[in-house]
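Residue numbers for the sequence shown follow UniProt numbering, beginning at 1 and rising by one.
Here a beta-carbon is modelled for each residue, glycine too, at the ideal position from N, C-alpha and C.
Every value quoted in this text rests on a predicted model; they were computed, and no experiment measured them.
I have placed the structure first, in the form of structure tokens, so that the comments after it can refer back to it.
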Amino acid sequence: MNKIDIRTVNVVQYVQPLREGGSLPAIVKADDDFLYVLKFRGAGQGKKALISEFIGGELARAIGLRVPELVFANLDDSFSKTEPDEEIQDLLKFSVGLNLGLHYLSSAITYDPLVTTVDAQTASKVVLLDSIISNIDRTAKNTNLLIWNKQLWIIDNGASFYFHHNWPLWESHLTRTFPLIKDHVLLQQATALDQAKEEITTAITPQIIEDIITNIPEDWLVNDTDSLTPAQMRAAYTAYLNAKLTMIDALVKEAKDAR
Numbered sequence: 001m002n003k004i005d006i007r008t009v010n011v012v013q014y015v016q017p018l019r020e021g022g023s024l025p026a027i028v029k030a031d032d033d034f035l036y037v038l039k040f041r042g043a044g045q046g047k048k049a050l051i052s053e054f055i056g057g058e059l060a061r062a063i064g065l066r067v068p069e070l071v072f073a074n075l076d077d078s079f080s081k082t083e084p085d086e087e088i089q090d091l092l093k094f095s096v097g098l099n100l101g102l103h104y105l106s107s108a109i110t111y112d113p114l115v116t117t118v119d120a121q122t123a124s125k126v127v128l129l130d131s132i133i134s135n136i137d138r139t140a141k142n143t144n145l146l147i148w149n150k151q152l153w154i155i156d157n158g159a160s161f162y163f164h165h166n167w168p169l170w171e172s173h174l175t176r177t178f179p180l181i182k183d184h185v186l187l188q189q190a191t192a193l194d195q196a197k198e199e200i201t202t203a204i205t206p207q208i209i210e211d212i213i214t215n216i217p218e219d220w221l222v223n224d225t226d227s228l229t230p231a232q233m234r235a236a237y238t239a240y241l242n243a244k245l246t247m248i249d250a251l252v253k254e255a256k257d258a259r
């Protein structure tokens with residue numbers, strides 16, 4: 001089994017902000033000459049959103065869904081000094097260090113359920129994955145899915161794992177299902193949930209989970225307001241994912257009932 005291999009790049013140019021994102025991500029150019037959508041550590045949900053984005057994206061990739069390459073992206077303090085927009089200036093100032101970049105899919109369009117049909121197996125895998133990671137943000141109002149080269153691509157998992165915003169109570173989430181799956185944009189097309197379950201439980205091994213959690217940058221796990229150490233947080237994410245996989249039959253039933 002291949003260990004996941006996340007590249008680290010340096011941002012060399014701030015190209016433009018993406019105003020449609022609440023956290024004001026931006027298109028940037030890195031020193032590998034590629035463009036990335038950069039998610040900033042200094043944005044609203046901070047480093048926790050980057051952790052959710054990273055874990056969710058790499059799990060999606062592990063189960064065979066299409067995800068733009070994720071990279072760790074170093075941002076130095078020179079960009080805030082030349083940025084005229086005060087809001088962006090502050091964001092850049094608070095985001096010096098390691099951020100998360102998603103390979104920019106040029107000319108991709110937002111997935112529209114009224115225009116594009118997704119095959120049942122893909123839809124079912126996305127629905128079940130979002131149940132596992134408790135992703136509250138894949139609704140018709142905000143699909144966080146792209147169509148690129150006529151294929152469905154998964155982006156924006158930053159609203160997942162919401163238990164990590166309140167660490168003292170995280171263990172109470174271990175046995176919960178995910179009722180909000182009723183609002184999932186792909187739920188009606190997810191008619192192959194049993195097959196998707198088999199694929200997911202085969203693909204997401206304890207080793208895959210360990211590899212992903214091990215690759216979270218230590219710096220992202222350090223917050224003055226958190227009661228857990230970085231090692232305890234890694235253990236919590238690992239326990240959470242393993243717990244969800246052991247109760248995947250309940251998640252399948254919940255999604256079927258909601259559909």
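What are the start and end residues of the beta strand (DSSP E) that includes residue i?
i	result
K29	A26 to A30
A190	No beta strand (DSSP E) holds A190; DSSP gives it neither H nor E.
F79	Careful: F79 lies outside any beta strand (DSSP E), inside the alpha helix (DSSP H) at S78 to T82.
I147	L145 to W148
Q121	Taken as a continuous stretch (DSSP letters only), Q121 belongs to no beta strand (DSSP E), being part of the alpha helix (DSSP H) at A120 to I132.
Y36	L35 to K39
residue 260	No information on residue 260 is available, as it lies outside the stretch 1 to 259 that the chain covers here.
When you compare the CB positions of residue i and residue j, do they come within less than 8 Å of one another, or not?
i	j	result
W153	A108	yes
I248	T201	yes
S40	I216	Checking the sequence, you will find Phe at residue 40 rather than Ser. No, these two residues do not count as a Cβ contact at 8 Å.
Rounding to the nearest angstrom, what Cα-Cα distance links residue i and residue j in this structure?
i	j	result
A203	E83	44 Å
V9	E69	12 Å
L251	T116	26 Å
S124	T191	6 Å
Q232	I63	26 Å
A255	I181	6 Å
V15	F34	12 Å
Q45	S23	8 Å
H165	L145	24 Å
On the criterion of 16 or more Cβ atoms from any shown chain inside 10 Å, does residue i qualify as buried, or is it exposed?
i	result
G57	buried
Q13	exposed
P25	buried
T143	buried
K3	exposed
S106	exposed
L193	buried
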